[in-house]
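Visitor:
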Amino acid sequence: MKLDVVYFAWVRERIGVPRETVETEAATVADLVKELRGREERYDLAFSDVSAVRVALDQTLSHFDAPLTDVREVAFFPPMTGG
Amino acid sequence: MKLDVVYFAWVRERIGVPRETVETEAATVADLVKELRGREERYDLAFSDVSAVRVALDQTLSHFDAPLTDVREVAFFPPMTGG
Amino acid sequence: MAVRVQQHDFDLGAELTALRAGRTDIGALVSFSGLVRDDSGDLEALELEHYPGMTEKALAEIEAEARARWDLNDSLIIHRYGPLKPGEQIMMVATAAPHRKAAFEAADFLMDFLKSRAPFWKKEHGVAGAAWVDAKEDDEAALKRW
Amino acid sequence: MAVRVQQHDFDLGAELTALRAGRTDIGALVSFSGLVRDDSGDLEALELEHYPGMTEKALAEIEAEARARWDLNDSLIIHRYGPLKPGEQIMMVATAAPHRKAAFEAADFLMDFLKSRAPFWKKEHGVAGAAWVDAKEDDEAALKRW
């Protein structure tokens, strides 16, 4: 399947792009992260401490165990600091 | 001694004047109230339920047991409803 | 840090702008304004009586207490008196602080004490007559929070 | 009830005036505004990044939750993004309610959830370089209050 993967803040800076399309068969977010980390060092670095990374699926906050079934957009970012 | 006595809100309306000078030897606020109630019915009516009346001495909230020594202005009014 | 007791209306936006003008040490600005509410449509005017002299003194004391308890950059209390129409502004408090929590808590505190310790009394003038507004037991109880 | 995410500044006073315009059912109006704070004088700009699409969705959900929990007449959330200078307004929330408690609590609630659930990230650009602002553990803990 094809996923739009988007990155924000320092996750975006470490990975080097704000958005990319990823061809993957990952079943869950955790699987996707594992797959990305195996690809290149910049991904490995960005996801080295996943406790510092949050994930949203189709623009709704989710978690790393969540399945990717029917998901079109996955977003990774640090804890939010608005307000 | 001479005291300025001021009234607000429904206490003022029942007594009929906003301010008056009272010649009294009352030792405490409670004594003053007792003395006023003995004078005329309008005072008796205004102070019939002192639990509904607050008192300030020289513009500071006080209580009915407080002495009137060195006090120049006594104010009687209902519980406050600002804001 | 200021207290104003006045008959005329105030410009909430201008007051909030003035509080932060030229400063970069404020992180949070909270305002509360009280308005004349008339759900039923029966209210013709809300009359506010106060105790000149004691009002300013009481408000200044409440404000000083807030400044002692919280780290505030600045604060402002404006309270009107006289007859007010439905929808009009009755009063405002504003608190400016480096941090959000202090600004919120101090504004809440100012309102709690202002309600029960500043000598204002409200009288509602309606189509069916006039009546003094009763103090709420809740208002006195609210002081115990602090 | 409105949410606006924008780069340009907003007029806090005009927004608060608009919220109450022509109404007589509001008793209490609370506003919070967040400002770019720079105690040290070292901050050149605060950059706000956000997640277009999700931001509006998250803010609308937070606002709807506040409207469900408290009796509010109206509410407003405005949040800016892009580079901001020290002293500039970052965001505002406003709550209008018949009663004071609801207006205060709902504004406090909006801020708590906005801080930790709306996808904004702050980066400080200073004389010595740039750094992303860390989320505070307190902010996450604050959600448990509600």
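Chains as they are written, first to last, in my numbering: chain A, 1 to 83; chain B, 1001 to 1083; chain C, 2001 to 2146; chain D, 3001 to 3146. In this text, a Cβ means the ideal position worked out from N, Cα and C, and glycines have one as well.
Quick one: list the residues of chain C neighbouring Thr1021 of chain B, beta-carbon separation under 7 angstroms, in chain order.
Guide: Those within 7 angstroms of Thr1021 of chain B in chain C number zero; the least Cβ separation is about 17 angstroms.
Visitor: Which partner residues does Asp3074 of chain D have in the DSSP bridge list?
Guide: D:Ala3096
Visitor: Which residues of the stretch 3087–3107 of chain D have a Cβ closer than 7 angstroms to any Cβ of chain A? Give them in chain order.
Guide: Met3091
Visitor: Hey, would you say Ala2102 of chain C sits closer than 8 angstroms to Ser2075 of chain C, going by beta carbons?
Guide: No; because the gap between Cβ atoms is not below 8 angstroms, this pair is not in contact.
Visitor: Check whether the stretch 2119–2136 of chain C touches the stretch 2048–2058 of chain C, taking contact to mean three or more Cβ pairs, one atom from each stretch, closer than 8 angstroms.
Guide: yes
Visitor: Could you please give the first and the last residue of the uninterrupted beta strand (DSSP E) stretch that includes Gly2129 of chain C?
Guide: Per DSSP, the continuous beta strand (DSSP E) segment holding Gly2129 of chain C begins and ends at Gly2129 to Trp2132.
Visitor: So, under 8 angstroms CB-CB, Arg37 of chain A and Asp44 of chain A are touching, yes? Tell me the CB distance rounded to an integer number of Å.
Guide: In this structure, Arg37 of chain A and Asp44 of chain A form a Cβ contact; the two beta carbons are roughly 5 angstroms apart against a cut-off of 8 angstroms.
Visitor: Rounded to the nearest angstrom, how far is the Cβ of Arg3020 of chain D from that of Ala3141 of chain D, given a contact under 8 angstroms?
Guide: That belief does not hold up - the Cβ atoms of Arg3020 of chain D and Ala3141 of chain D are roughly 34 angstroms apart, past 8 angstroms.
Visitor: If you measure beta-carbon to beta-carbon, which residues of the stretch 64–80 of chain A are closer than 8 angstroms to chain D?
Guide: Ala75, Phe77, Pro78, Pro79 and Met80
Visitor: State the Cα-Cα distance for the pair Ala66 of chain A and Ser51 of chain A, rounded to the nearest angstrom.
Guide: 15 angstroms
Visitor: Residue ranges of each alpha helix (DSSP H) run of no fewer than 4 residues wholly in the stretch 1019–1078 of chain B, ordered along the chain?
Guide: 1029–1039 and 1041–1046
Visitor: Which of the three DSSP states, helix, strand or coil, is assigned to Ile3026 of chain D?
Guide: coil
Visitor: Can you tell which of C:Ser2040, C:Thr2024, C:Asp2112 and C:Glu2044 has its C-alpha closest to the C-alpha of Gly3041 of chain D?
Guide: Here the closest residue by C-alpha is C:Thr2024.
Visitor: If the criterion is Cβ atoms closer than 8 angstroms, does the pair Trp2132 of chain C and Phe2109 of chain C meet it?
Guide: Their beta carbons are not under 8 angstroms apart, which means Trp2132 of chain C does not touch Phe2109 of chain C by this criterion.
Visitor: List, in chain order, every chain D residue whose beta-carbon is nearer than 9 angstroms to that of Ala61 of chain A.
Guide: In the sequence as displayed, the identity of residue 61 of chain A is Leu instead of Ala. Correct list: Met3054, Ala3058, Arg3117 and Pro3119.
Visitor: Just by C-beta distance, which residues in the stretch 2007–2035 of chain C are closer than 8 angstroms to chain D?
Guide: Residues passing the 8 angstroms Cβ filter: Asp2011, Leu2012, Gly2013, Ala2014, Leu2016, Thr2017, Arg2020, Gly2022, Arg2023, Thr2024, Asp2025, Ile2026, Gly2027, Ala2028, Leu2029, Val2030, Ser2031, Phe2032, Ser2033, Gly2034 and Leu2035.
Visitor: Using a cut-off of 7 angstroms between C-beta atoms, extract the partners of Glu2049 of chain C located in chain B.
Guide: Simply Phe1008 and Ala1009.
Visitor: In the DSSP assignment, find the beta strand (DSSP E) that holds Trp2121 of chain C and state where it starts and stops.
Guide: Phe2120 to Gly2126
Visitor: Only counting the same chain, and skipping five residues up and downstream in sequence, which positions put a Cβ closer than 7 angstroms to that of Ala162 of chain A?
Guide: Because chain A is modelled from 1 through 83, residue 162 of chain A falls outside the range shown and cannot be assessed.
Visitor: Is Arg3069 of chain D helix, strand or coil by DSSP?
Guide: helix
Visitor: Spatial neighbours of Phe1977 of chain C within its chain, please: C-beta separation below 6 angstroms, excluding the five flanking residues on both sides.
Guide: Since the displayed chain C opens at 2001 and closes at 2146, residue 1977 of chain C lies outside it and no answer follows.
Visitor: Within this structure, are the beta carbons of Val1029 of chain B and Pro1018 of chain B separated by less than 8 angstroms?
Guide: no
Visitor: List the residues that DSSP assigns as beta-bridge partners of Asp2138 of chain C.
Guide: Paired residue(s): none; Asp2138 of chain C is not in a bridge.
Visitor: Below 8 angstroms on the Cβ atoms is my guess for Leu2072 of chain C versus Ala2066 of chain C; work out the distance and round it to an integer in Å.
Guide: Your pair Leu2072 of chain C and Ala2066 of chain C checks out as a contact, with CB atoms roughly 7 angstroms apart and the cut at 8 angstroms.
Visitor: Beta carbon of Leu3016 of chain D, beta carbon of Leu2012 of chain C: below 8 angstroms?
Guide: yes
Visitor: Identify the contact partners of Leu2114 of chain C in chain B, using a Cβ-Cβ distance below 8 angstroms as the criterion.
Guide: Gly1082 and Gly1083
Visitor: Is DSSP giving Lys2 of chain A helix, strand or coil here?
Guide: Reduced to three states, the DSSP call for Lys2 of chain A is strand.
Visitor: When you compare the CB of Asp2038 of chain C with every CB in chain D, is at least one pair closer than 8 angstroms?
Guide: yes
Visitor: Might you give, ordered along the chain, the residues of its own chain that have their beta carbon closer than 7 angstroms to the beta carbon of Ala26 of chain A, omitting 5 neighbours on each side?
Guide: By the criterion of a C-beta distance shorter than 7 angstroms, Ala26 of chain A is surrounded in its chain by Leu32, Glu35 and Leu68, once the five residues flanking it on both sides are discounted.
Visitor: At a Cβ threshold of 8 angstroms, is Met3111 of chain D touching chain A?
Guide: yes
Visitor: Could you check whether Leu2059 of chain C and Ala2130 of chain C sit closer than 8 angstroms to each other, using their CB atoms as the reference points?
Guide: no
Visitor: Could you have a look at Glu2088 of chain C and say whether DSSP puts it in helix, strand or coil?
Guide: coil
Visitor: Could you check what DSSP says for Phe2032 of chain C in three-state terms: helix, strand or coil?
Guide: strand
Visitor: Which residues of chain A have a Cβ atom closer than 8 angstroms to the Cβ of Ala3135 of chain D, listed in chain order?
Guide: Pro78, Pro79, Met80 and Thr81
Visitor: Closest to Lys3115 of chain D by C-alpha separation, out of D:Val3030, D:Pro3052 and D:Ile3090, would be which residue?
Guide: D:Ile3090
Visitor: Please tell me whether Ile2062 of chain C and Phe2010 of chain C are closer than 8 angstroms, where the distance is taken between their beta carbons.
Guide: no
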